[in-house]
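Accompanying notes for the structure given below.
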Ligand code: AMP
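In this note's numbering, the protein residues as written are 4 to 196.
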């Protein structure tokens, strides 16, 4: 992987471990020569992951809509800032630029971005690895909900497995490196699974 898009909160969260792990993720990417694509802001975990990569000679590309510039102030040390018109354009651009995505803890925005990438994967629109860095069990209840979707027959196991989960940065990156997208997409018959 050459470039990873990171989706994460525009807030820091209540536990210091969220930002320290976000910074550590940035540092790990820099050490592996993987470039960061992210929302471009200097706030919350977004700023923390960018600091982590930029302070370790890595490269960070920010994708920020014009109208958000006053709220999500662009990180001043970005290697490249791409300004776009809309939120949709932002996600399209972030997808175009990367060959894998990681979600850190966040709020609605983070989940929206994560699930858009997963739904595109299950439709076969891309075959990139999608990782969840489950810092301190932040995503445990979401993972449980996803299991409920499988148990109740709303989600296929093969699509559930598209989400790679770990609480460890190295392990998550290894899983992503090894990931091979399933050949079957969402629109397959039960018999063929
Ligand atoms: P949050 O997780 O709510 O703190 O948001 C994290 C990031 O997601 C912020 O940069 C938001 O601007 C961004 N965001 C929120 N909604 C969307 C959306 N519909 N499309 C793309 N990015 C979004």
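No residue lacks a Cβ here, since even glycine has one placed at the ideal position from N, Cα and C.
8 angstroms Cβ shell around residue 3 - same chain, five flanking residues per side excluded: Since the displayed the chain opens at 4 and closes at 196, residue 3 lies outside it and no answer follows.
With H, G and I counted as helix, E and B as strand and the rest as coil, what does DSSP make of residue 93? helix
Taking DSSP as the reference, what is the three-state secondary structure of residue 195? Model confidence at residue 195 stands at a pLDDT of 44, short of 50, so the residue's coordinates are unreliable; what they give is reported in the following sentence. When DSSP states are grouped into helix, strand and coil, residue 195 belongs to the helix group.
Given that a residue counts as buried once 16 or more other Cβ atoms are within 10 Å of its Cβ, and exposed if not, what is residue 120? buried
Helix, strand or coil for residue 79? Go by DSSP, reduced to three states. coil
Quick one: Cα of residue 72 to Cα of residue 154, how far? 42 angstroms
Contact between the stretch 9–26 and the stretch 100–115 (3+ Cβ pairs under 8 angstroms): yes
For the ligand AMP, is there a heavy atom less than 7 angstroms away from the beta-carbon of residue 120? no
Helix, strand or coil: which one does DSSP assign to residue 53? helix
Assign residue 70 to one of three DSSP states: helix, strand, or coil. helix
Buried/exposed call for residue 194, threshold 16 Cβ in 10 Å: For residue 194, the pLDDT reaches just 48, beneath the cut-off of 50, and the residue's location in the model is therefore unreliable, leaving the point undetermined.
Between residue 41 and residue 70, what straight-line distance do the alpha-carbon atoms span, to the nearest angstrom? 17 angstroms
Quick one: any contact between the stretch 122–133 and the stretch 49–66, if contact means 3 or more CB pairs under 8 angstroms? Too few Cβ pairs lie closer than 8 angstroms, so no.
Rounded to whole angstroms, how far is the Cβ of residue 66 from the Cβ of residue 97, which I believe are closer than 8 angstroms? 5 angstroms
When the Cα of residue 166 is compared with those of 105, 35 and 138, which residue comes out closest? Comparing Cα positions, the closest option is 105.
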